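Right, one structure below, let's go through it.
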Amino acid sequence: MNTSEQSIRFLGYERPDGSVGTRNYVAIIPTVCCANEVAKKIADQVEGTVALPHECGCEATPQLEIPTRTLIGIGRNPNVAAVLLVSLGCETMDYEYVAKEIVKSKKPVDLIVIQEVGGTIKTVEKGVRIAQRMVQGASRIEREAYELNNLIVATECGGSDLTSGIGANPAVGVASDIIVKMGGTVFVSETTELMGAEHLLAKRAVNEKVAKRIYEIINWWEQRAKDEGVRFHLLSAGNIEGGLTTIEEKSLGAVRKAGTSPVQGVLEYAERPSEKGLFIMNTTGDDINSVTGMLGGGAQIVLFTTGRGSPVGAPIAPVIKITGNPATYEKMKDNMDVNAGTILEGKETIEEVGVRIFKELLEVASGKKTKSEVLGHKEFIIFRIRGHAY
Amino acid sequence: MKTIECKKMLKKVIVIDPLDNVATAITKLEAGSVITVRIGQSEKKVEVIQPIPFGHKVALRRIEKDGNVIKYGEAIGKAMQVIEEGEHVHIHNVESLRARGDIT
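Here the protein sequences come in this chain order: A and B. Every number in our numbering is 5 more than the matching position in the first sequence, counting from 1. Every number in our numbering is 86 more than the matching position in the second sequence, counting from 1.
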């Protein structure tokens, strides 16, 4: 495939800040878990909206940093046309700050506070009216052709087996390289699943500072095991049954999603990159958690490899499921978008499947719904932990 | 980083890097069967001495106790005991060296 071809574009929705979405959602975001049900009831009544219930919003101050940055990032994500924040009123989360930060992207933002409006019924009523106006406004935005330098692609692997590292992940790596060559951005995350492969990434860092940071984030996780005097078992029973023996082996397979581009930098959870290219985001190895962080960092589309077969999706972005295991593809066809099992069967090369993944990415970015979207998968978990890598 | 060879894959096992001392079975291997692997320019025949489930690893040569188990051209762990050529290589005879707060 001629990747210098400048005419390769995707059809997206332009936002007032110049970013481009692959989807056009009105997001109903609770700023604390106590507002989850009200947010869901509003979304249930208004077509074109999506509620993002979560478990955060009333942590003590140091632990609020990540949930706050995540909600802001989700609100600012280009796939979101407008945002209705639903607050309780007494949470520790500074919801006015969240609103102000999202307003910086110049998209419509509104805030309703349950304790001020006066309970569930009144807040739902008010919220439905606001959301209705927002959806009508968003519906006037049309898809137009944009270059790939507007895209941030999240890569993820979940339910890995031997086929992930030798088939699906290298094929995603081929697609990642094409995206980066065309000026786009790619995220690779799950710090614990880079353990054992960090030296390969550090060698590709654009400078010493980035290389040092790659080692730091891995060491932070590893040090936790040492501090606690325990052995971290970083493989699941399914990983082991699937043939993966150690975290090093899993990581060396996982890192192949990142292709061969230089590593521009290391981002914190839900941090937005200030440049284009390949970035590592410091997240846990929990899939949904990790995807949420990358969406908070501005990713508009997700490439998700799964050897064992995972059904999960995301509320504000399409998730393309890719399996390198032919048996999983047959068994879970209803959830799998791309069969990369052809690599193992000797029917296609890694390059051929990589190009096929890239073409699917373009179609999905332009509006084709993924299987997880059609089935309504909207898994969403925000990273919560005591202390963090800084 | 080394790139995986782009040739279409072989039928029974995959060897990712010429440095590797294990191969990954992409079909179930019976004890007593013989696999032919390509390592760099040369070919090697290995007799499988234990059944190997789909997706699991088989040793391509003897690995000494405490020796590195190598896949992707990188160490993926340490042999807990001598692993003979053709033996099943998995959690019963290999251990990870990372995130080990239990050993100092």
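Positions of the beta carbon are idealized from the N, C-alpha and C atoms, including for glycine. Quick caveat: nothing in here was measured; it's all calculated off a predicted structure.
Item                                                                                                                             : Value
Through-space distance from residue 102 of chain B to residue 91 of chain B, alpha-carbon basis                                  : Note that residue 91 of chain B scores 47 on pLDDT, short of 50, meaning its location in the model is unreliable; the coordinates nonetheless yield the value given after this. Roughly 8 Å separates the two Cα atoms.
Spatial neighbours of residue 25 of chain A in its chain, beta-carbon cut-off 7 Å, leaving aside the 5 residues before and after : 17, 18, 19, 83, 151 and 155
Nearest candidate by alpha-carbon position, reference residue 147 of chain B, set B/139, B/135, B/140 and B/141                  : B/135
Straight-line Cα distance separating residue 215 of chain A from residue 80 of chain A                                           : 28 Å
Residue 333 of chain A classed as buried or exposed, judged by whether at least 16 other C-beta atoms fall within 10 angstroms   : buried
Cβ of residue 191 of chain A within 7 Å of any chain B Cβ                                                                        : no
Closer than 7 Å at the beta carbon, the chain A residues around residue 102 of chain B                                           : 171
Residues that residue 35 of chain A bridges to, as DSSP identifies them                                                          : A/91
Near-chain B residues of the region 334 to 353 of chain A (beta-carbon distance less than 7 Å), N- to C-terminal order           : 348, 349 and 351
Proximal residues to residue 101 of chain A (C-beta, below 8 Å), its chain only, five neighbours per side dropped                : 116
Reference residue 341 of chain A; option with closest CA among A/353, A/324 and A/123                                            : A/324
Assumed close pair residue 113 of chain A, residue 136 of chain A - CB separation to whole angstroms, cut-off 8 Å                : Rounded, the Cβ-Cβ distance is 11 Å, inconsistent with contact.
Cutoff 6 Å; reference residue 166 of chain B; Cβ partners in own chain excluding five residues on either side                    : 179 and 181
Unbroken alpha helix (DSSP H) run spanning residue 128 of chain A, endpoints                                                     : 125 to 144
Proximal residues of chain B, C-beta to C-beta of residue 166 of chain A below 8 Å                                               : 141
Cβ neighbour criterion (16 or more within 10 Å) applied to residue 175 of chain B                                                : buried
Limits of the alpha helix (DSSP H) - the one that residue 367 of chain A falls within                                            : 355 to 370
Cβ-based contacts, 8 Å cut-off: residues of the region 172 to 188 of chain B near chain A                                        : 175, 176, 177, 180, 181, 182, 183, 184, 185, 186, 187 and 188
Other residues of its chain near residue 94 of chain A: CB distance less than 7 Å, five sequence neighbours each side excluded   : 118, 119, 120 and 121
Cβ neighbour criterion (16 or more within 10 Å) applied to residue 88 of chain B                                                 : Low confidence applies here, because residue 88 of chain B scores a pLDDT of 45, under 50, leaving its location unreliable; read the following figure in that light. Flag for residue 88 of chain B reads exposed.
Three-way DSSP call (helix, strand, coil) for residue 285 of chain A in this model                                               : strand
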